[in-house]
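Worksheet: the structure to be examined is printed underneath.
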Amino acid sequence: MIIEEKLKSMGLELPAVADPAGLYVYTRRVGNLVYVSGQTPDINSVLQIKGVVGEDLTIEDGKKAAQLSALNILSVLKRELGDLDRVKQFVHLTGFVRCAKGFEEHPQVINGASELFRDLYGAAGVGTRIALGAYELPEGAATELTAIVEVTD
Numbered sequence: 020m021i022i023e024e025k026l027k028s029m030g031l032e033l034p035a036v037a038d039p040a041g042l043y044v045y046t047r048r049v050g051n052l053v054y055v056s057g058q059t060p061d062i063n064s065v066l067q068i069k070g071v072v073g074e075d076l077t078i079e080d081g082k083k084a085a086q087l088s089a090l091n092i093l094s095v096l097k098r099e100l101g102d103l104d105r106v107k108q109f110v111h112l113t114g115f116v117r118c119a120k121g122f123e124e125h126p127q128v129i130n131g132a133s134e135l136f137r138d139l140y141g142a143a144g145v146g147t148r149i150a151l152g153a154y155e156l157p158e159g160a161a162t163e164l165t166a167i168v169e170v171t172d
């Protein structure tokens with residue numbers, strides 16, 4: 020419960036987990052690794068931040084979208100694990116940014132997620148990462164993130 024207490028002290032809360040929007044599962048556990056399907060900046064199944072970073076959204080808007088997508092990753096991990104303290108480390112984070120042609124600051128946008136994981140888990144919250152630009156994302160979302168985490172038994 021330490022991680023949830025940290026979230027609360029940061030003024031953040033986990034969004035509710037809705038049913039998947041397609042034919043997939045949110046998480047798949049393989050040994051001590053949990054793979055998390057793509058998460059967008061939703062609250063209660065309602066997209067909160069949509070648009071194109073570098074066009075109608077700023078880098079700061081994109082960082083907020085990435086942070087909210089990261090909170091949704093934590094929500095589905097809590098549902099899978101029962102306790103976010105069971106996350107041992109973040110192994111990999113993939114971040115997609117819906118962005119304008121010529122936009123090159125994808126890493127700064129995805130830092131909105133990476134900074135949250137680091138602030139919650141310390142060095143264990145910082146894993147390998149890729150930040151990519153995308154022309155479109157589901158429902159016009161500004162970001163979509165997937166993660167692989169190592170968990171304790």
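Heads up, the sequence shown is in this note's numbering, so the first residue is 20 and it goes up one at a time. Even for Gly, the Cβ is constructed at its ideal location relative to N, Cα and C.
Query	Result
Considering only residues of the stretch 78–151, which uninterrupted alpha helix (DSSP H) runs meet the minimum length of 4 residues and lie entirely inside it, listed in chain order?	78–100 and 125–140
Between the beta-carbon of I129 and the beta-carbon of A85, is there less than 8 Å?	yes
May I ask you to report which of helix, strand or coil DSSP gives G50?	coil
Taking a contact to mean a Cβ-Cβ separation below 8 Å, would you say S88 touches Q58 in this structure?	yes
Which residue marks the beginning of the alpha helix (DSSP H) containing E24, and which one marks its end?	I21 to S28
Taking DSSP as the reference, what is the three-state secondary structure of G159?	helix
Can you find the residues in the same chain that come closer than 8 Å, C-beta to C-beta, to G70, ignoring five residues on each side of it along the sequence?	L76, D80, R117, G159 and A161
Quick one: any contact between the stretch 137–152 and the stretch 101–118, if contact means 3 or more CB pairs under 8 Å?	yes
Measure the C-alpha to C-alpha separation of A119 and Y140 and round it to an integer number of angstroms.	32 Å
Sorted by chain position, which residues of the same chain lie with C-beta nearer than 6 Å to Q127's C-beta, five sequence neighbours on each side aside?	I78
Give me the Cβ distance between V36 and S94, rounded to the nearest whole Å; I'm assuming they're in contact under 8 Å.	5 Å
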